[in-house]
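Trainee:
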Amino acid sequence: MAETDSASKTDRTSDETGGNVQLQQDRSKEETTLTSPNKKRNDKVDILLKATADAPIMKKKKWAVDRTKKVSWVIEFIRKYIKCDPSESLFLYVNQAFAPSPDQEIGNLFECYGSDGKLVLHYCKSEAWG
Numbered sequence: 001m002a003e004t005d006s007a008s009k010t011d012r013t014s015d016e017t018g019g020n021v022q023l024q025q026d027r028s029k030e031e032t033t034l035t036s037p038n039k040k041r042n043d044k045v046d047i048l049l050k051a052t053a054d055a056p057i058m059k060k061k062k063w064a065v066d067r068t069k070k071v072s073w074v075i076e077f078i079r080k081y082i083k084c085d086p087s088e089s090l091f092l093y094v095n096q097a098f099a100p101s102p103d104q105e106i107g108n109l110f111e112c113y114g115s116d117g118k119l120v121l122h123y124c125k126s127e128a129w130g
C-alpha cells in the first residue's frame, strides 16, 4: 500500500505541476489578449462628428477611424450615413476653425488638433467657418 500511496502522490504532484504550467500558459495568453487590442487601438483615432447649421444630426457621433484614412474618406462616410445627395455640398471643419485638405490624413490632424483623446470634426451643408 505504501507504494500505491507514493505513486498516487507522484501522479498528483505531476498533475499539479502540469496544472501550474497550464495556468501560467493561460495567464500569458490572457496578457497577450489584453495587450493586443491596445496595439490595434493605436492604429485608430476617435473622431467626434458634430452637425452644424442645417446638417442632419447623426445618431452615433463618436467613431474610431484608421489613422491612415484621408479626410475625403470621412466626408464620403458622412455623406452615405446622412444620405446626402451627390449634388449637395458637404463641408468639414476641424475644431470649428478651418476646413482641412481632402488629402490630409486623420492621424496627422489628430496629432496636431486632437484633444482629450479625440478629434472633433464639424460637418454642415453650407459654409460655416473659414
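Heads up, the sequence shown is in the UniProt record's numbering, so the first residue is 1 and it goes up one at a time. Just so it is clear, CB atoms sit at the ideal spot from N, CA and C, and this is done for glycine as well.
Determine the direct distance from the alpha carbon of ASP43 to that of SER36, and round the result to whole angstroms.
Mentor: With a pLDDT of 36 at SER36, under the threshold of 50, the modelled position of that residue is not reliable, and the figure given next carries that caveat. Going from the Cα of SER36 to the Cα of ASP43 covers about 12 Å.
Trainee: Look at the Cβ atom of PHE110, then the Cβ atom of ILE47, and state whether they are nearer than 9 Å.
Mentor: Contact: yes.
Trainee: Between LYS62, LYS69 and ALA51, which lies nearest to ASP103 when the distance is taken from Cα to Cα?
Mentor: Residue LYS69 is the option with its Cα nearest to ASP103.
Trainee: Could you name the residues of the same chain whose beta carbon sits closer than 8 Å to that of SER126, not counting the 5 residues immediately before and after it, in chain order?
Mentor: Taken in chain order, the residues that qualify are ALA53, ASP54, SER89 and PHE91.
Trainee: Could you tell me how far apart the beta carbons of VAL71 and VAL65 are, in whole angstroms, since I believe they sit closer than 8 Å?
Mentor: Not a contact, Cβ separation roughly 10 Å.
Trainee: For GLY114, count neighbouring Cβ atoms within 10 angstroms of its own Cβ and tell me buried if that reaches 16, exposed if not.
Mentor: So GLY114 counts as buried.
Trainee: Assuming ARG79 and GLY107 make a contact with CB atoms under 8 Å, what is their CB distance in whole Å?
Mentor: Not really, about 22 Å apart at Cβ, beyond 8 Å.
Trainee: Per DSSP, which one or two residues make a beta bridge with LEU90?
Mentor: According to DSSP, which records beta bridges pairwise, LEU90 is partnered with nothing at all.
Trainee: Quick one: what's ALA64 bridged to in DSSP?
Mentor: In DSSP, ALA64 forms a bridge with ASP46.
Trainee: Assuming the contact rule is C-beta atoms closer than 8 Å, HIS122 and TYR93 should be a hit. Round their C-beta distance to whole Å, please.
Mentor: Right, their Cβ atoms sit about 5 Å apart.
Trainee: Between PRO86 and LEU49, what straight-line distance do the alpha-carbon atoms span, to the nearest angstrom?
Mentor: If you take the alpha carbons of PRO86 and LEU49, they lie about 20 Å apart.
Trainee: Alpha carbon to alpha carbon, how far is GLN96 from ALA51?
Mentor: Answer to the nearest angstrom: the Cα atoms are 11 Å apart.
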